[in-house]
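Once you know that position 84 of the sequence shown is 1229 in our numbering, the rest is easy, because the numbers rise by one and skip nothing.
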Amino acid sequence: MGTKGHNNAIQGNTIAPPANKSNSAADDVITSDVIIIGGGLAGQVAAYAIASTGLNTIHLAPSTPIDRRTSALMTPSVSILQELGLVDDPAQMGFPLEKIRIIDATSRLIRAPEALFNSAEVGEEAFGWNFANAELTKRFAPKIKKLGNLTAVQASAKKMYRTGNNWALDLSNGSTIHAHLIIGADGKKSFVRQSMGIGTNQRDHKQSALVCDLSLERPLNGESVEYHYDNGPFTLVPAGGNKANLVWVENEDILAQVKAKSPQGIRDILQEKSKNLFGHISLDTGVFVFPLSTFEADKLGMEGVVLVGEAGHAFPPIGAQGLNLSLRDVKDLLVCLSDNAQDSFPSMQDWADKVSQEYAQKRKVDIKRTKTMVDTLFSSLLSELLPAQALRTGGIWALKSIPPLRKYAFQLGMGPS
Ligand SMILES: Cc1cc2nc3c(=O)[nH]c(=O)nc-3n(C[C@H](O)[C@H](O)[C@H](O)COP(=O)(O)OP(=O)(O)OC[C@H]3O[C@@H](n4cnc5c(N)ncnc54)[C@H](O)[C@@H]3O)c2cc1C
């Protein structure tokens, strides 16, 4: 597909044109088939996947602080990374999630029984794997670097506009680069989304998420343990041996108070929240707090521009869906590229337009389904209303006691394979 294996070379402020490309606005500045904007995990995977098809690709990734989050990736998502060639053996870089335990720690009138879900019930060794985002980035980097037709540019995009058949991007380093197809993987506040005038239905939550790494006296043994508190879950995720990653969703003002405490003060609070089930807890890192919001972009693709990852959708980390969904974005984008060979279009603009339209259409159902699932889970966790509490309790009881229902819920949570 497309133009195979060009080695782009940065020349001053521009990037040398691929030898056989001619439909540029100005022959001395034309660049690339595709530019991916954003160096988070969605951008890294998209850049690698697209360049692997042979398309001439630029990855715009300004340097950023280390991503302290961890990601539970379900088995189908790990398979996507394996098929792409980004992950060989997940055990080399992550930790299996074999069981999920739910403990109702709310002070509510109607409370759910404790429930344990085992991946063996769906014939899998694990529901998925827990990875540190920084470890994934470290492992992906040499693989991304190896692709000769992928040029990395360490700068951010400042302005985006049409020049003839192409998109032009003015960069923070003063240069301008051009491409036919633009992939916005530039996170929640996406510059690409805003430049295209694409709106969202954003809802900011009063909860944030606190993350840190812990050592426990008693190991989790492959079990992810979710304590459901009144304002959100406190989840210990296995990180090998007696290590755990904490993801604690709580009201933002409470988390701000926790963050302001001394390490000993923070430790004491986490110890209490864990109900001492895993013995003595110690902090291995500082704590990091992320504000939470829910949205989907009104459009995921138009006029030769597509949005992947949190540029197009964001959720609270309930049911671990965000990056899983982003990997399915990339998978569907690859299908759209393979359905639309460049040489079957009269111009590169027609090609990019078609890819972006097909992608927008293709992603609608999965994103709606995921958003509905996370919304339902989140609001049922937080509801003060007795009928909602009864429904949630009944739901957990039903999941615990009715195997076919439990299987269906597992499939829903793991996402389409
Ligand atoms: C606490 C927490 C826990 C989570 N746990 C899970 C989980 O267990 N499982 C799961 O699937 N998901 C999880 N998620 C969600 C997951 O982390 C995100 O969906 C995913 O990391 C988003 O990746 P991204 O690349 O889309 O965005 P980001 O990581 O935000 O990356 C966007 C990048 O774009 C760059 N950028 C921005 N503007 C520009 C510009 N103008 N030019 C160039 N670059 C630009 C930024 O510098 C940044 O590097 C969690 C989220 C949180 C907050």
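We put the CB at the ideal spot given by N, CA and C, even for glycine.
Applying the 10 Å Cβ sphere with the 16-neighbour rule, what's the burial state of residue i?
i: Ala1286; result: exposed
i: Glu1243; result: buried
i: Thr1220; result: buried
i: Ile1181; result: buried
i: Ile1195; result: buried
i: Glu1270; result: exposed
i: Val1432; result: buried
i: Gly1309; result: exposed
i: Ala1313; result: buried
i: Asn1232; result: The amino acid at residue 1232 is misidentified as Asn; the sequence shows Val. Classification for Val1232: buried.
i: Val1510; result: exposed
i: Ser1208; result: exposed
i: Ala1389; result: buried
i: Glu1395; result: buried
i: Val1392; result: buried
i: Asp1477; result: buried
i: Thr1296; result: buried
i: Asn1469; result: buried
i: Tyr1306; result: exposed
i: Gly1424; result: exposed
i: Asn1201; result: buried
i: Arg1348; result: exposed
i: Ser1317; result: exposed
i: Arg1363; result: exposed
i: Ser1492; result: exposed
i: Ala1279; result: exposed
i: Thr1517; result: exposed
i: Leu1249; result: The residue you asked about is not Leu; residue 1249 is Asp in the sequence shown. Buried, since its Cβ has 16 or more Cβ neighbours within 10 Å.
i: Asp1429; result: exposed
i: Gln1506; result: exposed
i: Asn1485; result: buried
Which partner residues does residue i have in the DSSP bridge list?
i: Arg1363; result: Its beta-bridge partners do not exist; DSSP assigns none.
i: Leu1452; result: Gly1329
i: Leu1261; result: Arg1246
i: Ser1216; result: Phe1276
i: Lys1388; result: Ser1360
i: Asp1315; result: Lys1304, Thr1321
i: Gln1506; result: According to DSSP, which records beta bridges pairwise, Gln1506 is partnered with nothing at all.
i: Pro1241; result: Trp1274
i: Ala1354; result: Val1394, Phe1435
i: Arg1514; result: Arg1514 is not bridged to any residue.
i: Thr1345; result: Ala1442
i: Val1232; result: Val1232 pairs with nothing; no bridge assigned.
i: Ala1459; result: Phe1440
i: Val1298; result: Leu1205
Could you spell out the range, first to last residue, of the beta strand (DSSP E) harbouring residue i?
i: Arg1246; result: 1244-1249
i: Ala1377; result: First, the amino acid is wrong: residue 1377 is Gly here, not Ala. Counting along the chain, the beta strand (DSSP E) containing Gly1377 begins and ends at 1377-1383.
i: Ser1177; result: 1177-1182
i: Pro1436; result: 1433-1441
i: Thr1220; result: Taken as a continuous stretch (DSSP letters only), Thr1220 belongs to no beta strand (DSSP E), being part of the alpha helix (DSSP H) at 1220-1229.
i: Lys1420; result: It is not in any beta strand (DSSP E) - Lys1420 carries neither H nor E in the DSSP assignment.
i: Tyr1202; result: Residue identity check: residue 1202 is Thr in the sequence provided, not Tyr. Note, Thr1202: beta strand (DSSP E), 1202-1205.
i: Ser1427; result: 1426-1428
Provide the residue span of the alpha helix (DSSP H) that contains residue i, from first to last.
i: Lys1291; result: It is not in any alpha helix (DSSP H) - Lys1291 carries neither H nor E in the DSSP assignment.
i: Lys1303; result: Not the alpha helix (DSSP H): Lys1303 falls in the beta strand (DSSP E), residues 1302-1308.
i: Glu1371; result: Note, Glu1371: premise wrong, no alpha helix (DSSP H); beta strand (DSSP E) at 1368-1374.
i: Gly1188; result: 1186-1197
i: Asn1469; result: 1467-1484
i: Leu1445; result: Neither: Leu1445 is in no alpha helix (DSSP H) and is coded neither H nor E.
i: Ser1340; result: 1336-1340
Compute the beta-carbon to beta-carbon distance between residue i and residue j, rounded to the nearest angstrom, for a pair I have assumed lies under 8 Å.
i: His1350; j: Leu1437; result: 4 Å
i: Gly1454; j: Asp1474; result: 6 Å
i: Ala1330; j: Ala1459; result: At roughly 13 Å, the Cβ-Cβ gap does not stay under 8 Å, so Ala1330 and Ala1459 are not in contact.
i: Gly1199; j: Asn1294; result: 7 Å
i: Leu1359; j: Ile1411; result: That belief does not hold up - the Cβ atoms of Leu1359 and Ile1411 are roughly 11 Å apart, past 8 Å.
i: Gly1268; j: Ala1217; result: 19 Å between Cβ atoms; not a contact.
i: Val1179; j: Ala1300; result: Incorrect: roughly 17 Å between the Cβ atoms, too far for contact.
i: Ser1471; j: Leu1400; result: Not quite, the Cβ-Cβ distance comes to about 25 Å (not below 8 Å), so this is no contact.
i: Ala1456; j: Gly1377; result: Not quite, the Cβ-Cβ distance comes to about 25 Å (not below 8 Å), so this is no contact.
i: Gly1449; j: Ile1327; result: 7 Å
i: Phe1585; j: Pro1383; result: Since the displayed the chain opens at 1146 and closes at 1562, residue 1585 lies outside it and no answer follows.
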